[in-house]
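Structure, as structure tokens:
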Amino acid sequence: MTKPFYIIGFMGTGKSSLKQYLAKSNHVIDLDELFETLTGMDIPSYFDRYGETAFRLEESRLLRNARADYVVTGGGIVEREANVDWMRAKGVIIALDLAFETCWERIKDSDRPLVRNGKAAVHALYERRRPLYARADHVLDSSLSTEAIAHILEQLKEEEG
Ligand code: S3P
Numbered sequence: 013m014t015k016p017f018y019i020i021g022f023m024g025t026g027k028s029s030l031k032q033y034l035a036k037s038n039h040v041i042d043l044d045e046l047f048e049t050l051t052g053m054d055i056p057s058y059f060d061r062y063g064e065t066a067f068r069l070e071e072s073r074l075l076r077n078a079r080a081d082y083v084v085t086g087g088g089i090v091e092r093e094a095n096v097d098w099m100r101a102k103g104v105i106i107a108l109d110l111a112f113e114t115c116w117e118r119i120k121d122s123d124r125p126l127v128r129n130g131k132a133a134v135h136a137l138y139e140r141r142r143p144l145y146a147r148a149d150h151v152l153d154s155s156l157s158t159e160a161i162a163h164i165l166e167q168l169k170e171e172e173g
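Plus 12 on top of the position in the sequence shown (first one is 1) and you've got the numbering used here.
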């Protein structure tokens, strides 16, 4: 197995679509999905019951055990600097970048817990996290097609893997 590529990016940047595409021919772990499988709870219910801090702790734990060609993370993985350090040390960090309004249109009707805080709060979160995503090894324009992004990743894998 090559060194993992960690896919990071704000909610709605297209991580899930990319995951589905990559999973056709690669071993891919989706941390949110794994979290829900292991806890037997969906993330909104987990937030309601145990809070965001508990979620971040578990999420960080899962990250440290994830071995795959691609590890697709939840948007908040960058909230802990140690997670970014870990990803950089173990593999290659790929950030998906997309304009806030496009992200918002995609996520506004979803049941993501942080979306309940409303557009202004989510926008503030987007702005606050932007420099954290920018610390990735590669920042990709997520307005490109999923196929185009996957193709870039394949090339990077050949160079870096
Ligand atoms: C979160 C993003 C979500 C999920 C959780 C928290 C965040 O994942 O991990 O709701 O803090 O940005 P997606 O980025 O896949 O929506």
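C-beta atoms are modelled at their ideal positions from N, C-alpha and C, and glycine is treated no differently.
At the C-beta level, Val-151 and Tyr-82 stay beyond 8 Å of one another.
Along the segment 16–70, the beta strand (DSSP E) occurs as fully enclosed runs of 3 or more residues at 17–21, 40–42, listed in sequence order. Partner residues in the beta bridge of Ile-106, as assigned by DSSP, are Ile-19, His-150. By the Cβ-count criterion, Asn-95 is buried, with 16 or more other Cβ atoms from all chains shown falling within 10 Å of its own Cβ. The nearest non-hydrogen atom of the ligand S3P is 7 Å or more from the C-beta of Arg-92. Within the segment 75–140, the complete alpha helix (DSSP H) segments at least 4 residues long are 93–102, 112–119, listed from N- to C-terminus. For Tyr-62, the closest of Asp-149, Gly-130, Pro-125 by C-alpha to C-alpha distance is Pro-125.
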